[in-house]
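Undergrad: Taken in order, these protein sequences are the chains called A and B. Mapping the first sequence onto the numbering used here, position 298 (from 1) lands on 298, and the numbers just tick up by one. Mapping the second sequence onto the numbering used here, position 337 (from 1) lands on 755, and the numbers just tick up by one. For glycine and all other residues, C-beta sits at the position ideal for the given N, C-alpha and C. Since this is a predicted model, take the numbers as computed values, not measurements. Take this structure, written in structure tokens, and hold onto it; I'll ask about it next.
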Amino acid sequence: MPFHRHTLSNGLQIIGESSPSARSAALGFFVRTGSRDETVEECGVTHFLEHMVFKGTPRRTAFDVNRDFDAIGADYNAFTSEETTVFHAAVLPEYLPQAVDLLADIMRPSLRQEDFEMEKQVIIEEIGMYEDQPMWSAYDRAKRLYFADHNLGNSILGTPQSITDLTRDQMHAYFQRRYVAPNLLVAVAGNIDWPAFVALVEKQCGQWESGPIGRDGLVETNGSCRFELLTKEKVAQEHVILISSGPPADSPLRHAADLLGMAVGDDSGSRLYWALVDPGLADSADCSFHEYEGTGAFYTSFSCQPEQSEEDLELVLDVLRDVQDNGISEEELNQARNKVLSRVVRGSERPKGRMMALGMNWIYQHGYRSVDDDLRAYETVTLETIDEVLERYPLDRATTFALGPLAKLSLPGSNGAK
Amino acid sequence: MQPEVYRHTFANGMTLLAERMEHVRSAALNFLVPAGCIHDPSDRLGLGAVLADLITRGAGKRDSRELTLALDNLGLDRSESVGLMHTRFWGATVARNLPAALDLYADILRRPHLPDDEIDAVKALALQDLAGLEDEPRSKVLVELRKHSYPTPLSNDHRGTVEGIERLTADGIRQQYRRLYQPAGLILSVAGNIEWQPLLDRVGQLFGDWTGTADTTYTLGPNPTNRAHLTKDLEQTQIGVVYDSVPIGHADYYDALGAVNVLSGNMSSRLFTEVREKEGLCYSVWATYQTLKDRARVVCYAGSRNERAQRTLDVLLRELRRLPDGVEPDEVQRVQAGLKSSLIMQQESTAGRALSLASDWYHLGRVRSFDEIRAAIDGLTPQSIGEHMRRCPPRDFTIVTLGPKPLVG
């Protein structure tokens, strides 16, 4: 499938992969900004801004935005992570021009005061919704504990207080700093006419301001290695998260790290599955590798009945120590690889999935990777590469966080935490 | 762009459906076994879910670990889920691995070990699943909504009850397997880069000599009360509302679907606009259409911080009651655009197509063609939807809430 790229004079990058047999086309605006790029006073602004982007421009009210997307039957949404904000839409090929017009237009939002105040309420509702879901809430707190003062520990949603305190002018200043043309990437995949697409983007985005880009605090971290228990009596299950370090997103070890995470904690047939879920000791247990710019991490988590958590935690630590000391087997590596290869193939079949992979690879791998490039990268991982990951990023050197009804939980080998 | 759909019903009553998708490298399979939780005996609720977990713990000549390894090595993303009417076995992988996957599923469905020594573990997991529901307020309110709006056993949830799960025995589980895992009425659908004749031959070899008919009878209990509040200390009050609609196959089906989409199909639809965009009352609000063969309903959900939840419920009910007043032409155009777009994009998804084939066959006894659905969507008008809403207005609401304080509705 042909790959294309083009950079506008203001620094905006455009990439695409065309697939004439596709029924749809998907495009995304990737902004290289996330919660890690916020100051303390701006806590939650990236995600709030993602919402505000849909609230209108000089050409469109908030309702116009929703109506215009829906009028072309677009499957559209946006998400915010620690380091990327992505606005995406999948449409039938004949509607691609309208989709570009819309997405490009909303990337320069008015940020009207009245909309800002209304959306503040929605954000606080969203925070409340996650607060009522203990695993989410544990994840947010575990990240802060692990990353300590590293900016990757910043909360994506913020808190009701930080959102309440945020002003429209602060958001506008953040927007001007982070949404400059060179900090954006436009990715497209599917049934597209590339020259026409570039012309559309150029017409809409060619006048966007340029400006300096980059981010502070790009340091690798091994985490705090602390242990903390948060008691919440109204929660039914105990939710436990362990975080240990991993390779950064542009590391040649990332594919090995991905396979290692899967062998240790995929939801079927992994070490943790056999140790905890198969015998009925936990209702879920998993481990996965997350990559960031400059650093990475393995997230291991489980939830179980409170009285079972101490034994389960010990079992999890046994699994992690065993993998750390003895590695994984050839059979486990192949099993993980077979699963990943199938997921890569299937994930790339739809333009939406392919566009997302294209954009993320461009940002994190600093270049184009075909589906076959990705498949090959997983195929060439060996047990030696897995061992190299373990040696550099010990899986058993973890930060541990537990949230649930327990008043006391002992970390095996320690004096416990309250 | 009419995709090729194939069908064969074997002498034993099992139906194979397939759609060939040449532009993909993968294939998805989907078994609908008539073993839904509607068949859980009232004193052993949770039986279907326990059986669905146990059934993959060893089958044919493989024990539990060998079976899992074999499935994983085929790159299968898979799940076993228990719905009201069916237990669904779903799997997707690269197309060349499909025949080997079918071999494994034939073992699972026909030759499961259902090992005694795994039963305690499976029951423990079922109990945890139930306990975990308490930490998922949205799922919890929807389970309670079902319980308070449908008569038994239509009100069953696959998670069952603590007492029901504790009462399960090895014999009872095996008996349920023999009662419900039978070929007559079982549906297998496959979509992806497949060849029909070799697929038909393989499925014939694997399942053709299986005989038996599931006992899927059930008796409806009385209608439950239609108001309930569950007290729980939460940040947000969870709101569930349900009302009756017409089932798939009914002359008004597409108009009913159109009306639900006016309410909640997209971001310019009424609930999102009125509840979230205009008043900022919630993050999540939606309505969705759910059909059985003989009845259907619309389920609505919203979650709002406690002090604003009453207003959310009021606006939600106002919008439901306002539907029979009519819908605007531009609303209908957007609904049509959304439905057509998702119909076309579904042609890119092997999993989506496999499920659609099976669902059509179960509900209608045939597979609707792309052109048929598109023509029906094109035929929607403000008049047709408005007339349907006046014939079948949202009313007799069941309302269930979960939060610190009850609401008035």
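1) State the start and end residues of the unbroken beta strand (DSSP E) segment that holds A/A407.
2) Who are B/D662's beta bridge partners in DSSP?
3) Under a CB-based cut-off of 8 angstroms, is B/T511 close to chain A?
4) Please determine, among B/P824, B/G698, B/A714, the residue with the shortest C-alpha to C-alpha distance to B/Y671.
5) Between A/P279 and chain D, is the shortest Cβ-Cβ distance under 8 angstroms, so that the two count as touching?
6) Are the C-beta of B/Q728 and some C-beta of chain A separated by less than 8 angstroms?
7) Could you tell me whether any Cβ in chain B is nearer than 8 angstroms to the Cβ of A/G269?
8) So A/V45 is in the alpha helix (DSSP H); what residue range does that whole segment cover?
9) Tell me which residue opens and which closes the alpha helix (DSSP H) that B/F428 is part of.
10) Could you tell me which of A/L259, A/L111, A/S81, A/L145 sits nearest to A/E330, measuring between CA atoms?
11) What is the rounded straight-line gap between the Cα of A/P247 and the Cα of A/E388?
12) On the three-pair Cβ rule with 8 angstroms, is the stretch 154-162 of chain A touching the stretch 35-44 of chain A?
13) Near A/L390, which residues of its chain fall below 8 angstroms by C-beta distance, leaving aside the five closest residues on each side in sequence?
14) Relative to the C-alpha of B/N611, which candidate in B/S444, B/L734, B/T587, B/G783 has its C-alpha closest?
15) Helix, strand or coil for B/C455? Go by DSSP, reduced to three states.
16) Excluding five sequence neighbours on each side, which residues of the same chain lie with their C-beta closer than 6 angstroms to the C-beta of B/L572?
17) Applying the criterion that 16 or more other CB atoms from any shown protein chain within 10 Å of the CB defines a buried residue, is B/L638 buried or exposed?
18) Verify whether the separation of the beta carbon atoms of A/A377 and A/H290 is less than 8 angstroms.
19) Near A/N77, what residues of its chain come up, given a Cβ to Cβ distance below 6 angstroms and the 5 sequence neighbours on each side ignored?
20) Measure the alpha-carbon distance for A/A74 versus B/G683 and round it to whole angstroms.
21) Tell me the DSSP secondary structure of B/L435 in three-state form.
22) Looking at chain B, is there any beta carbon in it that lies within less than 8 angstroms of the beta carbon of A/Q305?
23) Measure the beta-carbon distance from A/R168 to A/L111 and round it to whole angstroms, keeping in mind my assumption that it falls under 8 angstroms.
24) In whole angstroms, what is the alpha-carbon distance linking B/T570 and A/R108?
25) B/I657 and B/L730 - do their beta-carbons sit closer together than 8 angstroms?
26) Should A/L184 and A/V31 be called a contact, given that it needs their Cβ atoms to be closer than 8 angstroms?
27) What residues in the stretch 220-245 of chain A bring their beta carbon closer than 7 angstroms to a beta carbon of chain B?
28) Quick check on the DSSP output: the alpha helix (DSSP H) that includes A/C205 runs from which residue to which?
29) In whole angstroms, what is the alpha-carbon distance linking A/G265 and A/R226?
30) Taking Cβ-Cβ distances shorter than 7 angstroms, what residues in chain A pair up with B/R758?
31) Specify the secondary structure class of B/W628 as computed by DSSP and reduced to three states.
32) Distance check for B/L527 and A/M129, CA to CA, integer angstroms please.
33) Which chain A residues are close to B/R694, counting only those with a beta carbon under 8 angstroms from its beta carbon?
34) Suppose you measure from the CA of B/P742 to the CA of B/V664; what does that come to, to the nearest Å?
35) Is there a Cβ from chain A that is less than 8 angstroms from the Cβ of B/T505?
36) Does the beta-carbon of A/K352 have 16 or more other beta-carbons within 10 angstroms, so that it is buried, or is it exposed?
TA: The short version:
1) Looking at the DSSP string, A/A407 is not in any beta strand (DSSP E), and its letter there is neither H nor E.
2) B/R715
3) yes
4) B/A714
5) Among the chains of the structure shown, chain D does not appear; the protein chains present are A and B.
6) no
7) yes
8) 45-53
9) Segment: none, B/F428 is in no alpha helix (DSSP H) and carries neither H nor E.
10) A/L259
11) 10 angstroms
12) yes
13) L260, V323, Q324, G327
14) B/S444
15) helix
16) none
17) exposed
18) no
19) none
20) 12 angstroms
21) strand
22) yes
23) 6 angstroms
24) 54 angstroms
25) Residue identity differs from the one stated: residue 730 of chain B is Thr in this sequence, not Leu. Against a cut-off of 8 angstroms, the Cβ pair of B/I657 and B/T730 comes out as a contact.
26) yes
27) K234, V235, A236, Q237
28) 194-205
29) 22 angstroms
30) Checking the sequence shown, residue 758 of chain B turns out to be Lys, not Arg. Neighbours of B/K758 on chain A, chain order: G73.
31) coil
32) 40 angstroms
33) V122
34) 15 angstroms
35) no
36) buried
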